[in-house]
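**Student:**
There are 4 protein chains.
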Amino acid sequence: MTVPNMSDYDDLDPQIARDLVAANHILAANGVLDSFGHVSVRDPRNPERYLQMQAIAPRDVTVGDIITFDLDSKAIDANGRPVYRERFIHGEIYKKRPDVNAVVHSHSPTIIPFSVTQKPLRAIFHNGHFLGQGVPVWEIREFAGEQNNMLVLSHELGKSLAEALGQGSVVLMRGHGNAVASPDLKTTVFRAIYTEVNAKLQLQATALGGPINFLNEYEQLKAQNVDRPWATWKKQVGAS
Amino acid sequence: MTVPNMSDYDDLDPQIARDLVAANHILAANGVLDSFGHVSVRDPRNPERYLQMQAIAPRDVTVGDIITFDLDSKAIDANGRPVYRERFIHGEIYKKRPDVNAVVHSHSPTIIPFSVTQKPLRAIFHNGHFLGQGVPVWEIREFAGEQNNMLVLSHELGKSLAEALGQGSVVLMRGHGNAVASPDLKTTVFRAIYTEVNAKLQLQATALGGPINFLNEYEQLKAQNVDRPWATWKKQVGAS
Amino acid sequence: MTVPNMSDYDDLDPQIARDLVAANHILAANGVLDSFGHVSVRDPRNPERYLQMQAIAPRDVTVGDIITFDLDSKAIDANGRPVYRERFIHGEIYKKRPDVNAVVHSHSPTIIPFSVTQKPLRAIFHNGHFLGQGVPVWEIREFAGEQNNMLVLSHELGKSLAEALGQGSVVLMRGHGNAVASPDLKTTVFRAIYTEVNAKLQLQATALGGPINFLNEYEQLKAQNVDRPWATWKKQVGAS
Amino acid sequence: MTVPNMSDYDDLDPQIARDLVAANHILAANGVLDSFGHVSVRDPRNPERYLQMQAIAPRDVTVGDIITFDLDSKAIDANGRPVYRERFIHGEIYKKRPDVNAVVHSHSPTIIPFSVTQKPLRAIFHNGHFLGQGVPVWEIREFAGEQNNMLVLSHELGKSLAEALGQGSVVLMRGHGNAVASPDLKTTVFRAIYTEVNAKLQLQATALGGPINFLNEYEQLKAQNVDRPWATWKKQVGAS
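Protein chains in written order, with the working numbering: chain A, 800 to 1039; chain B, 800 to 1039; chain C, 800 to 1039; chain D, 800 to 1039.
1) Using 10 angstroms around the beta-carbon of P846 of chain B, count the other beta-carbons present and answer buried if the total reaches 16, otherwise exposed.
2) On the three-state DSSP scale, how would you describe F868 of chain A?
3) Residues of chain D with CB under 9 Å from E995 of chain C, in chain order?
4) Using a Cβ-Cβ cut-off of less than 8 Å, give me the residues of the region 935 to 960 of chain B that come near chain A, in sequence order.
5) Checking 8 Å against the spacing of the C-beta atoms, do A991 of chain D and V979 of chain D come in under that value?
6) Could you say which of B:P1028, B:H824, B:K894, B:S1039 lies nearest to R858 of chain B if we only look at CA atoms?
7) Nearest by alpha-carbon distance to H889 of chain D: which of D:G944, D:T916, D:M852 is it?
8) Within the same chain, show all residues whose beta-carbon is closer than 8 Å to that of I1011 of chain B, passing over the 5 residues directly before and after it, in chain order.
9) If you draw a straight line from the C-alpha of K1033 of chain C to the C-alpha of G931 of chain A, how long is it?
10) Is the Cβ of F913 of chain C closer than 8 Å to any Cβ of chain D?
11) Listed from N- to C-terminal order along the chain, which residues in the region 843 to 860 of chain A have their beta-carbon within a distance smaller than 8 Å of any beta-carbon of chain D?
12) If you count every other CB in all the chains shown that lies within 10 Å of the CB of E945 of chain C, and 16 or more means buried, which is it?
13) Excluding the five sequence neighbours on either side, which residues of its own chain have a C-beta within less than 8 Å of the C-beta of A828 of chain C, listed in chain order?
14) Just checking: is the beta-carbon of E885 of chain D within a distance shorter than 8 Å of some beta-carbon in chain A?
15) Taking 7 Å as the cut-off, is the C-beta of I855 of chain A nearer than that to any heavy atom in the ligand ADP?
16) Tell me the DSSP secondary structure of G957 of chain D in three-state form.
17) Tell me the residue span of the beta strand (DSSP E) that contains Y849 of chain B.
18) Report the residues of the region 892 to 920 of chain B with a CB closer than 8 Å to any CB of chain C, ordered along the chain.
19) Just list the residues that DSSP pairs G971 of chain B with in beta bridges.
20) Counting along the chain, where does the alpha helix (DSSP H) carrying N988 of chain B start and finish?
21) Any Cβ of chain D within less than 8 Å of the Cβ of H975 of chain A?
22) How many angstroms separate the CA atom of F913 of chain D from the CA atom of G976 of chain D?
23) Report yes or no: is there a C-beta of chain A within less than 8 Å of the C-beta of M800 of chain B?
24) In chain C, which residues lie with their C-beta within 8 Å of the C-beta of A978 of chain B?
25) What number of angstroms, rounded off, separates the C-alpha of V831 of chain D from the C-alpha of A1030 of chain C?
26) For L1014 of chain D, return the contacting residues in chain A, with the cut-off set at a CB-CB distance below 7 Å.
27) Could you check the C-alpha separation between A943 of chain D and A1038 of chain C for me, to the nearest Å?
28) How many angstroms separate the CA atom of D871 of chain C from the CA atom of E938 of chain C?
29) So what's A905 of chain A in DSSP terms, helix, strand or just coil?
30) Using beta-carbon positions only, say whether I910 of chain A and L964 of chain A come within less than 8 Å of one another.
31) For the alpha helix (DSSP H) holding V820 of chain D, just list the boundary residues, first then last.
32) Measuring alpha carbon to alpha carbon, tell me which residue in A:N878, A:R884, A:Q814 is nearest S953 of chain A.
33) Under the three-state reduction of DSSP, which class applies to V831 of chain C: helix, strand or coil?
34) With 16 as the cutoff for other CB atoms within 10 Å, does A816 of chain C come out buried or exposed?
35) In angstroms with no decimal places, state the Cα-to-Cα distance between N926 of chain A and D898 of chain A.
36) So is L832 of chain A in contact with chain B if we call contact Cβ pairs under 8 Å?
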């Protein structure tokens, strides 16, 4: 396997590369990603491209694993390295949402139960404000039929997922996981982690019984400063 | 950013400073604080002031991060360092409660479900005795209206929260977290941690079903020696 | 504070001392003991005595912390060191149960919910066999009245707890924790840990709904070799 | 105790030995095995034999602990070392299932509640696809009667367990744990871990209430690449 020399990235801001590595490590350290899942950022040098790691586990990635893709999710510089099979999730969201610059796909554990039951995952506390009145659940059977293999392995499936996401930040994938998108990497990491936290809280509140007092439509608009958590999470994983 | 030289604290007992740092680290290590939340102590040199860290994550603080505030939550010696936006929680509790000398605000995870459902959080075991017959829940909508942003960003909101706390030790903040207050730092840390433990136990007892046999009014008066947990928690985080 | 020189223990098998330290560390590392709780062994040199640590947190103890008590729970060689206030739990069980040589008192977290609700904690899997058809719950109010302080601070209360234990291995203490007793230290540690594991399993099975298929009376008699877990737990805490 | 020199394994691929050690450490690190449970592989030199560790805790094993067994579970080269009493689980599955080359027996915690209640454990997300429409539960009472000791201590019991497994990959053992089998070690480790993950998700979905949308029969056929998780788990435990 040929690993590209870092000189291939001469014109990529090295902080972008380090932040993409840090995002992978942070999401693994906080239980959102396990052996699977992936993170991408839109290429700051060319909005028609995005950057993502070669297909290894998120906690093991380094800057040498970065690969550039076009928005059709074709690798530009893989040089024989394996790519994530579900990269179409990323490419199709970037196509449909010019405001989005970072995407995470995960099997975030407490989110999956909400994808296979009837109650929508919605904002239960201030740090989950971006979940609004409830996030959509994408059902692959509606697009690939009963005989599907659960994975987003084509442009068409990626596109239908991006359409289900709409103008929101989170879409659940039934029996699989979720996709999280936002204008920048820090915010996407924040939302991926706090979607999981919100799901745990909502599960516990459901177990307590009785009606749940969710955030109202105004409270859901709360702006969130994500610099503080980003700074401490980077320290947590030893990122520079 | 100007960081004050420790000589600015010539007259502050250095053990107070180290204990305030230790309290932050202990609460982070025990899952009560994450990237957010804050701890304060009333200034032993001047009861009209309190000490709190600059606005960074609790697990990362050091003695150099301490800032002095007056009870209107105006920073005396920030020297350009950022301050917690919800510091009014602390100032207004110190104003209203001369018996209180240490306050914690957290998003303690298992406590939030009790703030958005109907069953009060109350003393289920001896180490949660201070929760009494049930703690109050502060609803920001009653003071800031439906169009609020969930945060305690003013004297007025801090004052209404302090009034909801009353003469107790814990007040829940709907969809947000809680505030814990007591006569000294060790006890406030103890109560912040054991409020979380009590919430977990009450959630589990609810899941078991049937009526719960809570502490009675006499059992809730139990005096608690907090020196032993404080000593071992300090060792846990390497504090001196 | 005077710490006794190890020479005070010239005639105590040093492996007994190390094992008592290891038991404290193992129970702390496995979440049965936190800042509180205590472990004791009957003194192999004199069955009318038992050995227990001075009153510090279990995870911090060393062999130098061992104190000898008579069965009235009076310290023989405390030399000014603080003793656990609830040591009567141990002394009274040793008095009543000559077959018992090791006792643990803990606030084992998942056990407390069973002490305040109506369903008995009972053997749900083979490693919890010693819980039998259900363990007794000791209600301090029956002995100390409504105006009690939740703690076992006297011979009389310790005696009533020992009577509630009967010929079993585990007794729950309402709103407080439990006491575990067996013929040897390894078995008591095993049972303290697997009482907690059994409680977690029973709580989950209850959440799944429907009747639970518990161990029958024959299955509850299963003999358990505790040497393997003891060996690996000692490695886990670095004990010799 | 005589420990065989590694030269006894001159003709065993050393990577097989290291992988068997890694599998033990991975399953312990991921909470599937505690002090108990065991892993085996069919001997690549002789399909009528299998390899398993001497009877110590999985997290402590090294290549020097490997023992060869025939399919009647008789040790070939124990040289006095203790063997797992329930090794018949392995031998009888290898006898009945020529397609199986690796077996795990564990007390995987969240799986036990499904073995004592009425709802079958079944595929709730893509990584649990191999659980199909629901896994069988083996009831030892049907074979050993009410007066059994819960353990698989004979060929007969091992055989009845293997028959309950059928052509599947997982069988639950009532009030005890489970057995997982597949064509290769990596896949068996993957399935042992994701059976636990699936159980946690199904428990949470049940707590959310309402009907659960499980994988359909086509989705359950999904092929799974297990190389990526195997690679990162090996790094996690420092395996080569």
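Note that beta-carbon positions come from the ideal geometry of N, C-alpha and C, so glycine has one too.
Computed from a predicted structure; not experimentally measured.
**Tutor:** Reading from the atomic positions:
1) By the neighbour-count definition (other C-beta atoms within 10 Å, threshold 16), P846 of chain B is an exposed residue.
2) F868 of chain A falls in the strand class under three-state DSSP.
3) Simply none; closest approach about 11 Å.
4) Listed by position, the residues of the region 935 to 960 of chain B near chain A (Cβ gap below 8 Å) are R940, E945, Q946, N947, N948, M949, L950.
5) In this structure, A991 of chain D places its C-beta atom within 8 Å of the C-beta atom of V979 of chain D.
6) It is B:H824 whose Cα lies nearest to the Cα of R858 of chain B.
7) The option with the nearest alpha carbon to H889 of chain D is D:M852.
8) I923, Q1001, A1004, T1005, listed in sequence order.
9) Rounded to whole angstroms, the separation of the alpha carbons of G931 of chain A and K1033 of chain C is 49 Å.
10) No, because no Cβ of chain D sits closer than 8 Å to the Cβ of F913 of chain C.
11) In summary, the residues of the region 843 to 860 of chain A whose CB is separated from some CB of chain D by less than 8 Å are A854, I855, A856, R858, D859, in the order they occur in the chain.
12) Its Cβ having fewer than 16 others within 10 Å, E945 of chain C is exposed.
13) Once the five neighbours on either side are set aside, the close Cβ partners of A828 of chain C are R858, W1032, Q1035, V1036.
14) Under the Cβ criterion of 8 Å, E885 of chain D is not counted among the residues facing chain A.
15) This structure lacks the ligand ADP; in fact it carries no ligand of any kind.
16) Reduced to three states, the DSSP call for G957 of chain D is helix.
17) Where Y849 of chain B is concerned, the enclosing beta strand (DSSP E) starts and stops at 848 to 852.
18) Considering only beta carbons, no part of the region 892 to 920 of chain B lies closer than 8 Å to chain C.
19) Residue 971 of chain B is actually Leu in this sequence, not Gly. Bridge pairing for L971 of chain B: B:V936, B:N977 [DSSP].
20) Reading off the sequence shown, one finds Val at residue 988 of chain B, where the question assumed Asn. Note, V988 of chain B: alpha helix (DSSP H), 984 to 1007.
21) Yes - at least one Cβ of chain D is within 8 Å of the one on H975 of chain A.
22) Their Cα atoms are separated by approximately 10 Å.
23) With a pLDDT of 39 at M800 of chain B, under the threshold of 50, the predicted position of this residue should be treated as unreliable, and no value is reported.
24) Proximity of chain C to A978 of chain B at the Cβ level (cut-off 8 Å) is not reached, the minimal Cβ distance being about 23 Å.
25) For the pair V831 of chain D and A1030 of chain C, the Cα-to-Cα distance works out to about 19 Å.
26) Around L1014 of chain D, the beta-carbon contacts reaching into chain A at under 7 Å are G974.
27) Roughly 40 Å between the two C-alpha positions.
28) Rounded to whole angstroms, D871 of chain C to E938 of chain C spans 22 Å at the Cα level.
29) In the sequence as presented, Ala is not what sits at residue 905 of chain A; that position holds Ser. The three-state reading of DSSP puts S905 of chain A in strand, counting E and B together.
30) Remark: C-beta atoms of I910 of chain A and L964 of chain A do not approach each other more closely than 8 Å.
31) Counting along the chain, the alpha helix (DSSP H) containing V820 of chain D begins and ends at 813 to 828.
32) Answer by Cα proximity: A:R884.
33) Of the three classes helix, strand and coil, the one that applies to V831 of chain C here is coil, per DSSP.
34) Counting Cβ neighbours within 10 Å, A816 of chain C comes out buried, since at least 16 surround it.
35) Whole-angstrom Cα-Cα distance: 21 Å.
36) With its beta carbon at least 8 Å from every one in chain B, L832 of chain A lies outside the interface.
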